[in-house]
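S.K.:
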Amino acid sequence: MDGSGELFAGFIAALGDRFDVIVVSYPAAPALGYAGLAGHARAQLPRDRPFVLLGESFSGPVAIALAASTPPGLIALVLCCTFARMPRPLLAPLRPLVGVLPMWPVLTPLIAPFLLGFGAPAALRQALRGALDKVRPARLRQRLKEVMAVDYTASAQAIAVPVLYLQALHDRIVPPAAARLLASLCPDWRLVALPGPHLLLQASPRHTATLVRDFVGHIRPAMNQ
1 MDGSGELFAG
11 FIAALGDRFD
21 VIVVSYPAAP
31 ALGYAGLAGH
41 ARAQLPRDRP
51 FVLLGESFSG
61 PVAIALAAST
71 PPGLIALVLC
81 CTFARMPRPL
91 LAPLRPLVGV
101 LPMWPVLTPL
111 IAPFLLGFGA
121 PAALRQALRG
131 ALDKVRPARL
141 RQRLKEVMAV
151 DYTASAQAIA
161 VPVLYLQALH
171 DRIVPPAAAR
181 LLASLCPDWR
191 LVALPGPHLL
201 LQASPRHTAT
211 LVRDFVGHIR
221 PAMNQ
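Each residue of the sequence shown is one higher than the one before, counting from 1 in UniProt numbering.
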């Protein structure tokens, strides 16, 4: 939810030089909702070659919206620990209270176990804190409010490319029901569940990179048949 893209360094390195990775960072200002973030990301999509979209956590709805719009060159979508609709619907009535939630940097160590799991390496915890510290608390609250109101189920139904969903078995943020909902909506769907916390790409960069490489490797030959 920090939107900086800084936490993907390990995953990108694990992908190797087979992929020319474009990390879409969200602007610090103005305050953009999901529709605005999708427009911001759309402007950075490749226009001269095939590409795969990847959306993790908060950014899943952005990737879903883009994939549903069938941009030229899109061959697949990878979703990781994310959702098309508010993943904790019982909390939706609390949305008006998000504006008073404390989002102080000092609280990051308390949040980290829910995102990275207990026992995460100190370097990874420090990277998370560094990324979150750069985002204004008001922006984090605004993005949390977006999550609590999002519903991109109609967009998910319009996705025409193969979808890979990476599910963390120890995710304390997004429950398995979010993946089941997407599975019922996306026509070409596959799910891989593996041990790990919510920030799965950061906690298991090599394993997830291998899964993404294999997924894309199977799609490319099929496109040529």
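Beta carbons are placed, not taken as given, at the ideal position from N, Cα and C, and that holds for glycine.
Rounded C-beta distance between glutamate 6 and alanine 131? I'm assuming under 8 Å.
M.R.: So it is a contact: roughly 5 Å between Cβ atoms.
S.K.: Which class does glutamine 167 belong to by DSSP, given the choice of helix, strand or coil?
M.R.: Strand.
S.K.: If we ignore side chains and look at the alpha-carbon of each, how far apart do leucine 166 and leucine 54 end up?
M.R.: Rounded to the nearest angstrom, the two C-alpha atoms are 11 Å apart.
S.K.: Which class does valine 147 belong to by DSSP, given the choice of helix, strand or coil?
M.R.: In this structure, valine 147 counts as helix in the three-state DSSP scheme.
S.K.: Give me the Cα-Cα distance between glutamine 225 and arginine 139, rounded to the nearest whole angstrom.
M.R.: Model confidence at glutamine 225 stands at a pLDDT of 45, short of 50, so the residue's coordinates are unreliable; what they give is reported in the following sentence. Using only the alpha carbons, I get a separation of about 46 Å.
S.K.: Please list, in chain order, all residues of the same chain as leucine 37 whose beta carbon is under 7 Å from its beta carbon, the five residues on each side excluded.
M.R.: The answer, listed in chain order, is Tyr26, Val62.
S.K.: For valine 161, which of Gly73, Met148, Leu101, Pro175 has the nearest alpha-carbon?
M.R.: Here the closest residue by C-alpha is Gly73.
S.K.: Look at the Cβ atom of alanine 67, then the Cβ atom of valine 216, and state whether they are nearer than 8 Å.
M.R.: No, these two residues do not count as a Cβ contact at 8 Å.
S.K.: Tell me which same chain residues have a C-beta within less than 7 Å of the C-beta of residue 226, skipping the five on either side of it?
M.R.: Because the chain here runs from 1 to 225, residue 226 falls outside it and cannot be looked at.
S.K.: Determine whether the Cβ of proline 30 lies closer than 8 Å to any Cβ atom of chain C.
M.R.: Looking for chain C here will not work: only one protein chain is present.
S.K.: What's the C-alpha gap between alanine 179 and threonine 82?
M.R.: Computed Cα separation, rounded: 8 Å.
S.K.: Taking a contact to mean a Cβ-Cβ separation below 8 Å, would you say leucine 144 touches leucine 128 in this structure?
M.R.: No.
S.K.: With DSSP as the reference, label arginine 85 as helix, strand or coil.
M.R.: If DSSP states are grouped into helix, strand and coil, arginine 85 belongs with the strands.
S.K.: Inspect the beta-carbon positions of valine 23 and leucine 15 and report whether they are closer than 8 Å.
M.R.: Result no, Cβ atoms of valine 23 and leucine 15 do not sit closer than 8 Å.
S.K.: Is DSSP giving glycine 55 helix, strand or coil here?
M.R.: Strand.
S.K.: Is DSSP giving isoleucine 173 helix, strand or coil here?
M.R.: In this structure, isoleucine 173 counts as coil in the three-state DSSP scheme.
S.K.: Tell me the DSSP secondary structure of valine 216 in three-state form.
M.R.: Reduced to three states, the DSSP call for valine 216 is helix.
S.K.: Determine the DSSP secondary structure at valine 192, reduced to helix, strand or coil.
M.R.: Reduced to three states, the DSSP call for valine 192 is strand.
S.K.: Which whole-angstrom value is the C-beta distance of alanine 156 and leucine 185, which I expect to be below 8 Å?
M.R.: Alanine 156 to leucine 185, Cβ: 4 Å. Contact.
S.K.: Does the beta-carbon of glycine 117 have 16 or more other beta-carbons within 10 angstroms, so that it is buried, or is it exposed?
M.R.: That one is buried.
S.K.: Across which residues does DSSP place valine 78 in a beta bridge pair?
M.R.: Bridge partners of valine 78: Leu54, Leu164.
S.K.: When you compare each of Pro30, Cys80, Ala43, Pro46 to leucine 211 by their alpha carbons, which one comes out closest?
M.R.: Taking only the C-alpha atoms, the option nearest leucine 211 is Cys80.
S.K.: Quick one: Cα of arginine 85 to Cα of glycine 39, how far?
M.R.: Rounded to whole angstroms, arginine 85 to glycine 39 spans 19 Å at the Cα level.
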